[in-house]
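Letter by letter, the sequence shown follows residues 0 to 344 in numbering that gives the first Met the number 0.
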Amino acid sequence: MTDNAMTETGQNRIWVLADDRPGNVNQAVGVAEAMACPFKRIDISYGGAARLPNFIRRASLLGVTPRSREKLQAPWPDLVIAAGRRTAPVARWIKRQSGGKTRICQIMRPDGGEREFDLIAVPAHDGVRPAENVLEIPGAPHRISETRLVLEGKAWQGKFQGMPRPLIALIVGGSTKKTRFTAAMARDVTETAINAARYNGGSLLVTTSRRTGRENEALIAELLEKANVPFHLHGWNSTEDNPYFGFLALADILIVTGDSVSMCCEACAALGGVYIYAPDGIAAPRHRRLHQNLFDRGFARPLAVGELPVNDVPSVTRLEAFRHPSLQPARLVAQRCLELIGERG
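Here it is in structure tokens:
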């Protein structure tokens with residue numbers, strides 16, 4: 000199902016509100032795709048008033064640009080799926096325009112008007128108070144289904160054919176508004192991955208993000224060039240096709256930095272053994288709660304940084320390609336959304 004599928008035909012009409020934050024969009028679209036129903040994506044852009052708290056914006060289009068407002072016209076949908084604080088007032092406004100007939104599913108806390116939402120899907124690590132319309136899920140919804148992994152694996156297997164296994168994917172994030180990804184961290188996680196590949200006779204598949212920073216990217220590239228282990232590096236500014244989904248599909252072991260909820264959850268959708276790199280300073284408290292939740296449920300393991308060696312072999316080199324279920328929180332939300340539509344008969 001594509002994210003621009005129109006819904007003019009079919010019994011149930013579904014809108015996905017997509018704002019300018021890719022993480023929010025992926026969560027909302029991921030739920031819609033998991034429903035396996037046609038849906039319409041409506042891109043929402045904002046002005047300065049969108050920064051106001053939701054107890055001021057309430058159920059309104061305050062802060063929504065005129066061009067985006069033009070897209071919000073009757074006939075109103077049966078269901079609205081939205082993610083993130085800024086979309087919540089828009090979803091509430093649509094429900095009121097429909098006379099209450101439109102059901103609304105909000106991913107993450109709406110920060111106001113909670114009783115108006117038919118479903119609020121929140122990750123378990125957010126610690127939201129239980130309520131009849133609250134669904135607690137293990138992590139953040141995403142778009143990485145098992146079927147997509149199979150297709151991506153077939154598409155990319157030729158590119159990495161012949162690279163010694165295990166294939167170890169290193170997925171590097173970077174700094175956030177609240178945390179800083181330092182050069183020391185970039186060196187630490189890269190050298191850890193290199194040592195693991197060298198000890199296990201494997202190869203590295205490395206990708207960076209826009210938050211990694213040019214200096215850190217240069218450092219990572221330099222370390223890989225000097226490491227004398229087979230590797231494929233896809234930098235953020237590369238013009239080549241992005242192999243990220245191929246990495247997820249083909250890696251036997253994945254190392255992911257713990258600064259991003261989305262990256263951690265997408266890695267846990269893959270079937271390779273997932274290790275989260277989360278030293279002090281890289282992750283906000285709620286991210287650390289996510290990590291622990293994933294550890295407790297068996298989706299991932301902590302990357303043991305700074306532990307003493309066992310039999311002269313550093314523990315971080317003895318990474319295992321352990322198996323775990325594919326983390327699919329979008330499917331849980333999608334099932335509840337289908338129930339909401341079914342209740343309308």
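Idealized CB from N, CA, C, for every residue including glycine. All values reported here derive from a predicted model rather than from experimental measurement.
- Rounded to the nearest angstrom, the Cβ distance from L204 to A268 is 16 Å, too far for a contact under 8 Å.
- In chain order, G200, G201, S202, P229 place their CB closer than 7 Å to the CB of P163, counting only its own chain and leaving out the 5 sequence neighbours on each side.
- Here the alpha carbon of K176 sits roughly 13 Å from the alpha carbon of T211.
- Scanning the stretch 267 to 334 for uninterrupted beta strand (DSSP E) segments of 3 residues or longer gives 272 to 276, listed from N- to C-terminal end.
- When Cβ pairs closer than 8 Å are counted between the two stretches, the stretch 125 to 140 is seen not to touch the stretch 240 to 254, the count staying below three.
- Pairwise C-beta distances place the stretch 44 to 52 out of contact with the stretch 153 to 161, as fewer than three of them are shorter than 8 Å.
- By the criterion of a C-beta distance shorter than 7 Å, S261 is surrounded in its chain by G22, N25, A139, H141, once the five residues flanking it on both sides are discounted.
- A contact between stretches requires three or more CB pairs, one per stretch, nearer than 8 Å, and the stretch 276 to 288 fails this requirement with the stretch 238 to 247.
- Where Q105 is concerned, the enclosing beta strand (DSSP E) starts and stops at 102 to 106.
- C104 sits close to A120, with the two beta carbons spaced by under 8 Å.
- With respect to the 8 Å criterion, A17 and I106 are not classified as neighbours on the basis of their beta carbons.
- Within the same chain, Cβ atoms closer than 8 Å to the Cβ of R186 are found at L218, L222, the five residues on either side in sequence being excluded.
- In the three-state reduction of the DSSP assignment, W14 falls in the strand class, which pools E and B.
- Collapsing the DSSP output to three states places S67 in a helix.
- Looking from the CA of T206, the closest CA among A266, K153, T181 belongs to A266.
- Around the beta carbon of K94, a 10 Å sphere encloses 16 or more other beta carbons of the protein chains shown; the residue is thus reported as buried.
- As computed with DSSP, Y45 is found in a beta bridge with V63.
- Look at V89 here: in three-state DSSP terms it is helix.
- Apart from sequence neighbours up to five positions away, the residues of its chain that approach W235 with a beta-carbon distance below 7 Å are T207, S208, R209, T211, E216, ordered along the chain.
- For the beta strand (DSSP E) assignment, the uninterrupted runs of no fewer than 3 residues enclosed by the stretch 223 to 261 are, from N- to C-terminal side, 230 to 233, 252 to 256.
- DSSP lists E135 as the bridge partner or partners of V121.
- Between G112 and R57, the C-beta spacing is below 8 Å.
- Looking only at E115, N227, G83, the smallest Cα-Cα distance to W92 is reached by E115.
- Cβ contact annotation for S325 (same chain, cutoff 6 Å, sequence separation greater than five): E145, A268, in chain order.
- Between V273 and A299, the C-beta gap is smaller than 8 Å, which places the two residues in contact.
- If you draw a 10 Å sphere on the C-beta of P74, you find fewer than 16 other C-beta atoms in it, and that means exposed.
- Here V205 is bridged, per DSSP, to L169, L232.
- In the DSSP assignment, A82 forms a beta bridge with I106.
- In the structure shown, R40 adopts extended strand secondary structure according to DSSP, grouped into three states.
- Around the CB of G126, fewer than 16 other CB atoms lie within 10 Å, so the residue is classed as exposed.
- Between R40 and the set R322, K70, R66, A33, the nearest pair of CA atoms involves K70.
- Around the Cβ of N53, a 10 Å sphere holds 16 or more other Cβ atoms; the residue is buried.
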